[in-house]
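Residue numbers (our numbering): 19 to 241.
Positions of the beta carbon are idealized from the N, C-alpha and C atoms, including for glycine.
Just so you know, these numbers come straight off a predicted model, no measurement behind them.
Down below is the structure, laid out as structure tokens.
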């Protein structure tokens with residue numbers, strides 16, 4: 019009897035292992051396909067992964083389901099323990115790390131352009147792409163949304179002080195904060211992306227100018 023139970027358990031474990039491997043292989047294939055298509059993790063219909071509505075698929079590359087988890091936590095700040103809000107920020111930062119890793123992998127997979135190959139080493143090129151993406155996500159998905167939601171909830175809480183209905187008084191500020199979440203990508207993504215692009219263009223131009231000066235000095239010394 020015990021042998022039969024052990025065999026059954028072993029078969030179930032083996033079956034579970036096979037299923038997990040299938041999912042891992044499938045995820046790897048999807049990441050490869052997204053990289054081949056140059057899929058941008060902010061330009062997709064899964065941008066609203068940020069709202070933590072489907073955490074089951076939040077690990078898929080190219081998603082934005084959980085970018086705003088911290089902001090949902092901010093909306094609930096008046097009525098939940100502090101650790102819940104902190105946990106929301108932790109999830110959002112994990113998402114940010116995954117997004118930066120994906121964009122770096124995509125850039126590595128696609129390889130450098132002719133200009134990049136001529137002027138940047140591969141580690142430098144990937145590092146610049148990762149830094150640029152991290153800066154964009156930190157501002158567009160973390161700093162500005164958190165400030166916006168926190169400000170709305172804080173001001174709304176003061177406005178609801180004299181409200182007689184206890185449920186409205188409790189949920190009013192939170193609902194106002196949550197109502198802004200769907201608009202966050204439209205408010206911040208494009209402006210922040212434009213600013214980071216411009217900033218890194220200046221950095222690249224300065225780097226290339228410095229490199230040219232070094233080469234000119236080297237030529238003069240040789241002469």
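Whole angstroms are fine: how far does the CA of residue 239 sit from the CA of residue 232?
Locating residue 232 in the chain shown gives position 214, where the first residue counts as 1. Locating residue 239 in the chain shown gives position 221, where the first residue counts as 1. Rounded to the nearest angstrom, the two C-alpha atoms are 11 Å apart.
Among 95, 236 and 113, the one whose alpha carbon lies nearest that of residue 85:
Along the chain shown, read from residue 1 onward, the residue named residue 85 stands at position 67. Checked all of 95, 236 and 113; the closest Cα to residue 85 is 113.
On a Cα-Cα basis, can you pick out the residue from 145, 176, 153 and 184 that is closest to residue 125?
By one-based count along the chain shown, residue 125 stands at place 107. Comparing Cα positions, the closest option is 145.
Drop a sphere of 10 angstroms on the beta-carbon of residue 224, count the other beta-carbons inside from all chains shown, and report buried for 16 or more, exposed for fewer.
Taking the chain shown and counting its residues from 1, one reaches residue 224 at position 206. Classification of residue 224: exposed, given that the 10 Å Cβ count is below 16.
Can the beta-carbon of residue 210 be found closer than 8 Å to that of residue 154?
Mapped onto the chain shown, residue 210 falls at position 192. Mapped onto the chain shown, residue 154 falls at position 136. Yes, they are a contact pair.
Could you check the C-alpha separation between residue 204 and residue 219 for me, to the nearest Å?
Within the chain shown, numbered from 1, the residue matching residue 204 stands at position 186. Within the chain shown, numbered from 1, the residue matching residue 219 stands at position 201. Distance between the alpha carbons of residue 204 and residue 219 is about 23 Å.
Are the beta-carbon atoms belonging to residue 91 and residue 103 less than 8 Å from one another?
As a position in the chain shown, residue 91 is number 73, starting the count at 1. As a position in the chain shown, residue 103 is number 85, starting the count at 1. Closer than 8 Å, so yes.
Judging by CA-CA distance, which residue of 173, 151, 200 and 185 is the nearest neighbour of residue 121?
Residue mapping note: residue 121 aligns to position 103 of the chain shown, counting from 1. Minimum Cα-Cα distance from residue 121 among the listed residues 173, 151, 200 and 185 corresponds to 151.
Alpha carbon of residue 197 to alpha carbon of residue 110, nearest angstrom:
Locating residue 197 in the chain shown gives position 179, counting from the first residue. Locating residue 110 in the chain shown gives position 92, counting from the first residue. Distance between the alpha carbons of residue 197 and residue 110 is about 19 Å.
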